[in-house]
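Okay, structure first, notes after.
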Amino acid sequence: MSTVVLIHGAWHGAWCWDRVAPLLEQSGHEVVRFDLPGHGKDRTPAAKVTLEGYTGRVLEALDALSEPVVLVGHSLSGTVISQAAEQRPEKIEKLVYLCALLLPSGKSAIEASQEDSDSVILESAEVEEDRGRIILSEEGMREALYHDCPEEDFERSRRLISPQPLAPLATPVELTGAFESVRRTYVHTTQDRAVSPPAQEKMYTDLPCEKVVSMATGHLPFFAAPGELAGHLDSLAKL
Numbered sequence: 492m493s494t495v496v497l498i499h500g501a502w503h504g505a506w507c508w509d510r511v512a513p514l515l516e517q518s519g520h521e522v523v524r525f526d527l528p529g530h531g532k533d534r535t536p537a538a539k540v541t542l543e544g545y546t547g548r549v550l551e552a553l554d555a556l557s558e559p560v561v562l563v564g565h566s567l568s569g570t571v572i573s574q575a576a577e578q579r580p581e582k583i584e585k586l587v588y589l590c591a592l593l594l595p596s597g598k599s600a601i602e603a604s605q606e607d608s609d610s611v612i613l614e615s616a617e618v619e620e621d622r623g624r625i626i627l628s629e630e631g632m633r634e635a636l637y638h639d640c641p642e643e644d645f646e647r648s649r650r651l652i653s654p655q656p657l658a659p660l661a662t663p664v665e666l667t668g669a670f671e672s673v674r675r676t677y678v679h680t681t682q683d684r685a686v687s688p689p690a691q692e693k694m695y696t697d698l699p700c701e702k703v704v705s706m707a708t709g710h711l712p713f714f715a716a717p718g719e720l721a722g723h724l725d726s727l728a729k730l
């Protein structure tokens with residue numbers, strides 16, 4: 492079986508994998524997950540958080556493991572796993588983009604979101620430039636992210652969610668042939684309001700993936716359909 496490294500997306504932390512991680516472990520995988528800087532239990536101030544810092548935290552985890560891993564990135568962390576693949580291609584068996592930003596070199600997450608006219612995430616967020624962060628209201632959380640999730644997950648998440656550092660969203664990815672050498676797969680969420688289904692399709696068409704699987708969920712399938720998601724991740728890990 493594989494070592495599966497799970498990287499959370501914007502506003503969230505390692506806690507968002509609480510339903511999926513045990514299911515992967517039951518299937519025989521070793522699961523590694525952690526908070527990125529400024530998220531969860533990591534108290535790095537938002538203004539000091541960078542895409543390089545996110546990537547560095549992932550590289551630390553990869554360097555501590557002896558075998559190549561299946562690296563899963565949710566949402567914004569598509570940019571993070573791409574940068575990790577650029578710097579440690581030999582440490583990654585394959586990448587899994589979970590309704591994630593699969594961007595060409597030179598593009599930032601904010602640029603991609605601005606081009607996604609079907610997304611409601613930016614209109615649900617408030618930028619606090621002086622503090623280097625983006626706040627998501629509870630109403631915005633529910634409308635953009637949690638519309639198909641159990642109420643208990645929404646209630647727990649609204650207590651755990653963190654302000655999103657701004658710099659990682661504004662920083663373009665920088666990719667070369669090293670990134671291109673790593674196998675890519677994609678999980679497409681067809682009811683997504685944050686990264687719209689057409690935007691996802693364009694990304695995995697422009698940067699083709701070895702395998703694309705679809706889920707009829709919104710942007711948080713680890714809450715909306717954890718069993719189904721774990722099954723897909725298990726299958727992709729074995730691909």
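Per this note's numbering, the very first residue in the sequence shown carries number 492; after that it's consecutive. For every residue, glycine included, the Cβ atom is placed at its ideal position computed from N, Cα and C.
Taking 8 Å as the cut-off, the Cβ atoms of PRO580 and ALA669 count as close. Fewer than three Cβ pairs drawn from the stretch 547–558 and the stretch 689–708 lie within less than 8 Å of each other, which leaves the two stretches out of contact. Rounded to the nearest angstrom, the gap between the Cα atoms of ALA715 and THR681 is 13 Å.
Per DSSP, ALA716 has no beta-bridge partner at all.
For VAL587 against LEU727, the beta-carbon gap comes to about 5 Å, under 8 Å, which counts as contact. For ALA575, the enclosing alpha helix (DSSP H) starts and ends at 568–578. By the Cβ criterion, the stretch 699–715 is in contact with the stretch 620–638, since at least three pairs of Cβ atoms, one from each stretch, lie closer than 8 Å. Non-local beta-carbon contacts of ASP644 in its own chain, meaning distances under 6 Å to residues more than five positions away in sequence, involve PHE714 in chain order. If you look at GLY564, you'll find it in the beta strand (DSSP E) that goes 560–565. Bridge partners of LEU586 according to DSSP: LEU562 and ARG675. Bridge pairing for VAL618: ILE625 [DSSP]. CA-to-CA, the gap between ILE625 and LEU515 works out to about 32 Å. Per the coordinates, the alpha-carbon of LYS582 lies some 31 Å from the alpha-carbon of LEU651. With 16 or more other Cβ atoms from the protein chains shown falling within 10 Å of its own Cβ, SER566 counts as buried.
One thing to note: THR667 has its Cβ within 8 Å of the Cβ of GLU577.
DSSP places ARG524 within a strand segment (E or B) once states are collapsed to three.
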